[in-house]
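J.: The numbering used here numbers the first residue of the sequence shown as -8 and each following residue consecutively.
All C-beta atoms in this analysis are idealised placements derived from N, C-alpha and C, irrespective of residue type, glycine included.
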Amino acid sequence: MNELKKRGRKPKESPERIKREPIEVVDEDCQILGVLARGVVHTSGLFHRAVHVFIFNSKGEIYLQKKNLDREENPGLWSSSASGHINPGEPLAIAAQRELKEELRIKVKLEEVLRVPPSPETNWECTALFVGKTDKTPKPNPYEISEGKFVSIPELEKMIEESPEIFSPAFLYLWKLYKEKISQKED
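1. For residue 72, which three-state DSSP category applies?
2. Kindly indicate which three-state DSSP category residue 128 falls into: helix, strand or coil?
3. Looking at C-alpha atoms only, which residue of 14, 19, 12, 13 is the closest neighbour of residue 111?
4. Is residue 128 buried or exposed, if buried means 16 or more other CB atoms sit within 10 Å of its CB?
5. For the region 60 to 68 against the region 140 to 148, do three or more pairs of beta-carbon atoms, one drawn from each stretch, fall closer than 8 Å, so that the two count as touching?
6. With the cut-off set at 8 Å, would you say residue 99 and residue 136 are in Cβ contact?
7. Which residues does DSSP list as the beta-bridge partners of residue 121?
8. Suppose the cutoff is 8 Å on Cβ atoms and the five residues either side in sequence are ignored; what does the same chain contact list for residue 81 look like?
9. What three-state label does DSSP hand residue 85 in the structure shown?
10. With a Cβ-Cβ cutoff of 8 Å, do residue 168 and residue 107 count as a contact?
11. Can you give me the Cβ contacts of residue 170 inside the same chain, cut-off strictly under 7 Å, excluding the 5 residues immediately before and after it?
12. Give a yes or no on contact between the region 23 to 33 and the region 51 to 60, applying the rule of three or more CB pairs nearer than 8 Å.
13. Hey, out of 115, 120, 113, whose CA is closest to residue 101's CA?
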């Protein structure tokens, strides 16, 4: 336990504690309405806020994480480099950095590239997508992530084409929107 604390890793939180975690409830325009327990928000299908981060290396590869099987959301699925809910009152950019540090133990300069309204694909989350570039080696938090790896874009596209079910719906949706945004910039 002490070794985990030294490395900045928190012990696995109980499912009951996670369900009590406060998160902001928002309307369809992502305007904050109030704060409720995470468990209530999820079981009621209420709109709430989240951040996702895509990390790329200098080879243009994207880092994917595979969620632990005991995670409440998307267990055992490949997903964004990092992601999570926003704490009440927390700025989006701070939340993105916090999630990156909690999940991958790295700090990277990030740029917000997209905001997405709540939808079934995002589990009713108003989502802000941040992108960063680094050649630092991520150190996945074993309490949240079973494995992680950098993959080339052609490899990712092949994985998605052959087995879309191995990815979280939010990642697939955000990846599609991100590619559309990038292709618009190139035109």
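T.: On the basis of the supplied data:
1. For the purposes of this step, residue 72 is identified with residue 81 of the sequence shown, where counting begins at 1. Three-state DSSP puts residue 72 in coil, outside helix and strand.
2. Translated into the one-based positions of the sequence shown, residue 128 becomes position 137. Three-state DSSP puts residue 128 in coil, outside helix and strand.
3. Here residue 111 corresponds to residue number 120 of the sequence shown, with the count starting at 1. Per the Cα distances, 19.
4. What you label residue 128 is simply residue 137 of the sequence shown in a count that begins at 1. Classification of residue 128: exposed, given that the 10 Å Cβ count is below 16.
5. no
6. Reading the sequence shown from its first residue, position 108 is the one you call residue 99. Reading the sequence shown from its first residue, position 145 is the one you call residue 136. Their beta carbons are not under 8 Å apart, which means residue 99 does not touch residue 136 by this criterion.
7. If you number the sequence shown from 1, residue 121 lands on position 130. Residue 121 is bridged to 44, 103.
8. Within the sequence shown, numbered from 1, the residue matching residue 81 stands at position 90. Closer than 8 Å at the Cβ level, and outside the excluded window around residue 81, lie 89.
9. In the sequence shown, residue 85 corresponds to position 94, counting from 1. If DSSP states are grouped into helix, strand and coil, residue 85 belongs with the helices.
10. For this step, residue 168 is matched to residue 177 along the sequence shown. For this step, residue 107 is matched to residue 116 along the sequence shown. Yes, they are a contact pair.
11. Counting from 1 along the sequence shown, the entry for residue 170 is found at position 179. So no residue of the chain qualifies.
12. no
13. Taking the sequence shown and counting its residues from 1, the one referred to as residue 101 is at position 110. When each option's Cα is compared against that of residue 101, the closest is 120.
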